[in-house]
Structure formats: C-alpha cells, structure tokens
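The next block holds one structure in the form of structure tokens; read it before the comments.
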Amino acid sequence: MKTLITNGTVVTASEAFRADVLVEGEHISAVGASLDVVADKMIDATGRYVLPGGIDVHTHLDMPYRDTTSADDFESGTIAAAFGGTTCVIDFATQFRGQTLHQARDAWMKKAEGKAVIDYGFHMIVTELGAAVEREMDDLVREGITSFKVFMAYPGSLMLDDGSIFRALENSGRNGATICVHAEDGVVIDALVRDALAAGHTAPRYHALTRPSTAEGDATRRAIALAEMAHAPIYIVHVSAAEALDAIHEARKRGLPVFGETCPQYLFLSDEHYEAPGFEGAKYVMSPPLRSKDAQAHLWRGLASGDLQVIATDHCPFTMKQKAMGSDDFSKIPNGAPGIETRMSLVYDGGVRTGRISLNRFVDLTATSPAKMFGLFPRKGTIAPGSDADIVVFDPQKRMTLSAKTHHMRVDYNPYEGREVAGVADTVLSHGRVIVEKGRFVGRAGSGIFLRRSARSV
Ligand SMILES: [Zn+2]
Numbered sequence: 007m008k009t010l011i012t013n014g015t016v017v018t019a020s021e022a023f024r025a026d027v028l029v030e031g032e033h034i035s036a037v038g039a040s041l042d043v044v045a046d047k048m049i050d051a052t053g054r055y056v057l058p059g060g061i062d063v064h065t066h067l068d069m070p071y072r073d074t075t076s077a078d079d080f081e082s083g084t085i086a087a088a089f090g091g092t093t094c095v096i097d098f099a100t101q102f103r104g105q106t107l108h109q110a111r112d113a114w115m116k117k118a119e120g121k122a123v124i125d126y127g128f129h130m131i132v133t134e135l136g137a138a139v140e141r142e143m144d145d146l147v148r149e150g151i152t153s154f155k156v157f158m159a160y161p162g163s164l165m166l167d168d169g170s171i172f173r174a175l176e177n178s179g180r181n182g183a184t185i186c187v188h189a190e191d192g193v194v195i196d197a198l199v200r201d202a203l204a205a206g207h208t209a210p211r212y213h214a215l216t217r218p219s220t221a222e223g224d225a226t227r228r229a230i231a232l233a234e235m236a237h238a239p240i241y242i243v244h245v246s247a248a249e250a251l252d253a254i255h256e257a258r259k260r261g262l263p264v265f266g267e268t269c270p271q272y273l274f275l276s277d278e279h280y281e282a283p284g285f286e287g288a289k290y291v292m293s294p295p296l297r298s299k300d301a302q303a304h305l306w307r308g309l310a311s312g313d314l315q316v317i318a319t320d321h322c323p324f325t326m327k328q329k330a331m332g333s334d335d336f337s338k339i340p341n342g343a344p345g346i347e348t349r350m351s352l353v354y355d356g357g358v359r360t361g362r363i364s365l366n367r368f369v370d371l372t373a374t375s376p377a378k379m380f381g382l383f384p385r386k387g388t389i390a391p392g393s394d395a396d397i398v399v400f401d402p403q404k405r406m407t408l409s410a411k412t413h414h415m416r417v418d419y420n421p422y423e424g425r426e427v428a429g430v431a432d433t434v435l436s437h438g439r440v441i442v443e444k445g446r447f448v449g450r451a452g453s454g455i456f457l458r459r460s461a462r463s464v
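The numbering of the sequence shown is my numbering, which starts it at 7 and goes up by one.
Structure below.
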C-alpha cells in the first residue's frame, strides 16, 4: 500500500518546506518536491501543513479513582486524541500499594489491548520502593518502559518519601530511565485541606486555595535538589506555577539536566473559573489547580526560551456526575479534566497565531521533543524517511468551536466550551493507515501497538 501526500508544507521542529510525502506500508519512504510515484491513495494537502503526529506524554485513560474510573478508556480516549491530531500517547500505569510493577504493567497492557487506535507506551507510577522494586525498574527499562513517575503529593496513597524518591533517581541515573515528578508539597496541602474543611469551606474553590503555588515551587526545588544529589536527570510534570518554572530555570542555568512540561489548561485557563456559581468550579478541579493570569505569561516565556520542553495534557476526564462525589466536600471531587483532543488546536491557535511561539517550536513542543525525551525519536516525532507514518494534515485556516456537543471525549463538559480556534487536524494517519478523514473516524479499535521505548536521547 502506497499513499502520496502532495503539495503540502512539511513542518518539522527545525524546517518548513513544500514537499510531497510518500508512505509505503507503515513508514515514510520519501520526502521531496514533486515525487513522481503511482500511489494507491492520494491526499491533496494544498494550503495545509503536513506535521508529525502529536505525541501526548501525559494521559490517564481508564484510571481507577475510588470506586470509579476516568471517563475515557483506551478506545474512546485514543479516538478523541486522533481527531485532535495526536497519534501517540504515553499513559500512566499505576503500581497500587501491594502490587509489583509487573502486575501494574500487565493490568495496563490489558486495558489498552484491543482498544487503542493509536500507538501507546506507559510510564510506571511507583508508589512503593524497595530492593525488589528497584530490580523490577531495571527489568522494565529493558522491556521498553523507560520512565517512572513519583508523587510528592497525595500522602497515604501515591506519595513517596524523599528517601525513596532519591533511590528512584539514583536507579534511573544507572539504567538510563527518566524519573517524572508530580511536585506539590502533599503533607502541607493535606494540613491546609483539613483546616479548610474544619472551617466549613467545602466548595470547589477551596481546592485551589489549599494548593498554593508556593507548595508547587517548594516541591519543585526539593525534587531538583534530590536529582542533583543523585546525579540523575529529572522531568517535572504539569508545571503550572511561576515559582516552579523559576526553580527549573535556575537549575538549567547551572547546567543541570532538569526538564519541564506544561499543559494547555495552565496556558489558557485561570483561577477565575473557581469563582463560577454553584458546583461549576468542579470542572476545573485538577492538581495542580489553575493559576493566575500572570502565571500564564510566565509559562509562555518558559516555552519560548526552552526552559519547558513539552506540552502534554494530563487528560483525566470525569463527568459531572462523577465530580458530584465531592458535592459537599471539595477534597472528594475526582481530580482531572479532559484535554487529549484539544491540545494541538489550542496551542496552534493560542501559541503560533498569536506569535508567542514559532510554527517549528509548536511541532517541537507537541511532537519532536516529547519523542526525544521519552525514547521514541526518530521513529516518531518527525517527518523523515524511515520514521513511522504517523502524520497529520493540518489546516491552519479552518475554524472550530470547542464544545462538549461536538467533541469525541466521553465526558459531558469541555473546559474551553465556546472557544473558537483556528487550526484543525484534517486527515490523520497512524502507521500509514488513514484513521481520521473528512471529520470521520475510519480506524479500528486495537490497531495501536505498545511501544517499547529506548532510554532518553536528550
Ligand atoms: Zn497526571
């Protein structure tokens, strides 16, 4: 099977040029001006960009929370991703206490198999660490799970103590894995939450008021110090606070291998949403919480300067019915919001069109740099001969209004409801197969494969 994409502008992290792209089987076989080939399928990309498929390295599909799970499973979540121009996800598998890492890996493999419509990998969340788990971390790296996540928040369930985080970092320094950290001072936050509830403050807005940006900045500094002592790189997930970005900036200035990710919600939404009437603010209950408008400008500078390398989503949707678990206690509202489908259009519209970042930087932040950071480059994250044919034909002029009425995520609200964006994924290929065309999903559940990733290449 040969597919020829003609007359588009191919955009990579470093170049943009008019070229045709030839896909043979699952891979890109040629990129060049006016390729003279007879193909089985022709895609005319005149006036459009031909981008490497987006890579979202922070998703929580089918994730257990108390007696429910996040609303998108690997089928609905990856279909929504594909509509938005994302062709690869790295989801978080969780070692629940009492489990081995391999049990957790097997559980997540089962969730994805037969369902995912795009390729996927896993980071492993480590919630208990000892000699046996450290050996398992070495094994998992050989088996293609080359990144782990540790929590400095959620004491009593997910949080690891500093000594264990230090050990995990040392381990990754030896075996080439990357440690991802959720950096918020969980113990202090828990005290603030107890104080708020004792004072009768139960509304969603108190979720944000009990997770101050100082708690994120402080934990980020501590995480960086632990990594420095362990002589290991570190990747800070969902940076939202100016204080956290400052900590990353200072560490990088000293030459430390410290990396950071932010998400569209922290770039486009602010804490004003918690003032919404009634229980509406619950839509925005996520951790870290939305911050001030000033913090947004700071994050954009971090993206432009290179202190932040990745834009992911932290996609973790819960319906309003699920959110209602916390209707009389904000601390019981499931944390998370949908975003897997809207990332590429939001960042293009609000980043490239406004001049905050270049077109190449957009590709870098949403595809190339995530691929490099998590051991997928150059197989994914670029348009080049030999790479997987994960390709998005992206129409920069086409407009779309974001809404729960039209999105494909299995959740009854959209955090950006009514926002008009320009820049829409038009045709999407995964492994050389067209999976989204003319606004329709034409792929197949289970066609995505598990990606064995290599160690970090940046
Ligand atoms: Zn997350």
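All residues carry an ideal CB built from backbone N, CA and C; glycine is no exception.
(request) May I ask you to report which of helix, strand or coil DSSP gives A410? (result) Note: A410 maps to coil in three-state DSSP.
(request) Provide the residue(s) that pair with K155 in DSSP beta bridges, ordered along the chain. (result) DSSP lists I131 and C186 as partners of K155.
(message) Rounded to the nearest angstrom, what separates R260 and R439 at their Cα positions?
(response) 45 Å
(request) Taking only runs that begin and end inside the region 176 to 229, name each unbroken beta strand (DSSP E) of 3 or more residues, in chain order. (result) 184 to 188
(request) Let me know the secondary structure DSSP gives R173 once reduced to three states. (result) helix
(message) Buried or exposed, going by whether 16 or more other CB atoms sit within 10 Å of the CB of H237?
(response) exposed
(message) Tell me the DSSP secondary structure of H279 in three-state form.
(response) Looking at H279 - three-state DSSP - the assignment turns out to be helix.
(request) With DSSP as the reference, label S436 as helix, strand or coil. (result) strand
(request) Tell me whether T319 sits in a helix, a strand or coil according to DSSP, three-state version. (result) T319: coil per DSSP, three-state reduction.
(request) Taking H304 as part of the alpha helix (DSSP H), name the residues at either end of that continuous run. (result) K299 to S311
(message) With the cut-off set at 8 Å, would you say I346 and D125 are in Cβ contact?
(response) With respect to the 8 Å criterion, I346 and D125 are not classified as neighbours on the basis of their beta carbons.
(message) Pairs of beta-carbons, one from the region 143 to 159 and one from the region 178 to 191, closer than 8 Å: are there three or more?
(response) The region 143 to 159, when compared against the region 178 to 191, does touch it at the 8 Å Cβ threshold.
(message) Helix, strand or coil for M69? Go by DSSP, reduced to three states.
(response) Coil, per DSSP.
(message) Which residue wins for smallest C-alpha separation from I131, given the options G361, H188, S351 and K444?
(response) Minimum Cα distance to I131 is reached at H188.
(message) Give me, in chain order, the residues of the same chain whose beta-carbon lies closer than 6 Å to that of A377; leave out the 5 immediate sequence neighbours on both sides.
(response) Within the same chain, and ignoring the five residues on either side of A377 in sequence, the residues whose Cβ sits closer than 6 Å to its Cβ are I61, F383, K386 and G387.
(message) Among the candidates R405, D401, R458 and E140, whose CA atom is the shortest distance from the CA of A431?
(response) D401
(request) With a threshold of 7 Å, establish whether the CB of D320 neighbours any heavy atom of ligand 1. (result) yes
(request) Measure the C-alpha to C-alpha separation of A231 and I254 and round it to an integer number of angstroms. (result) In a straight line, the C-alpha of A231 is about 11 Å away from that of I254.
(message) I'd like to know whether the C-beta atoms of T133 and Q101 end up nearer to each other than 8 Å.
(response) yes
(message) Quick check: G287 and Y354, are their CB atoms within less than 8 Å of each other?
(response) no
(message) So for N13, helix, strand or coil by DSSP?
(response) strand
(message) Does the beta-carbon of F380, which I'm using as the reference point, lie nearer than 7 Å to any heavy atom of ligand 1?
(response) no
(message) Here's the rule: buried if 16 or more other CB atoms are within 10 angstroms of the residue's CB, otherwise exposed. What is S409?
(response) exposed
(request) Below 7 Å CB to CB, which residues in the same chain sit around A451 once its five sequence neighbours on both sides are set aside? (result) E81, G120, K121 and V123
(message) Here's the rule I'm using: 16 or more other beta-carbon atoms within 10 Å means buried, otherwise exposed. How should Q403 be labelled?
(response) Exposed, since its Cβ has fewer than 16 Cβ neighbours within 10 Å.
(message) Taking a contact to mean a Cβ-Cβ separation below 8 Å, would you say P210 touches V291 in this structure?
(response) yes
(message) Would you say the beta carbon of F154 is closer than 7 Å to some non-hydrogen atom of ligand 1?
(response) Outside the cutoff, so no.
(request) Identify which residue in G332, G312, D50 and S246 has its Cα closest to the Cα of P295. (result) Nearest in C-alpha terms to P295, of all of G332, G312, D50 and S246, is S246.
(request) Please decide whether D46 counts as near chain B, where near means a Cβ-Cβ distance under 8 Å. (result) In the structure shown, chain B cannot be found, because there is only a single protein chain.
(request) Determine contact between the region 205 to 221 and the region 172 to 179, defined as no fewer than three beta-carbon pairs at a distance below 8 Å. (result) no
(message) From the DSSP secondary-structure annotation, give me the bridge partner or partners of K47.
(response) T9
(message) I'd like to check one pair, V56 with V29: are the Cβ atoms closer than 8 Å?
(response) no
(request) Measure the beta-carbon distance from V51 to G91 and round it to whole angstroms, keeping in mind my assumption that it falls under 8 Å. (result) Val is not the amino acid found at residue 51; the sequence shown has Ala there. Contact flag wrong, Cβ pair sits at about 14 Å.
(message) Bridge partners for I242 per DSSP, in chain order?
(response) Looking at the DSSP output, I242 sits in a beta bridge with V187 and G266.
(message) Quick check on this structure: which residue in K411, A36 and I96 has the alpha carbon closest to the alpha carbon of R458?
(response) I96
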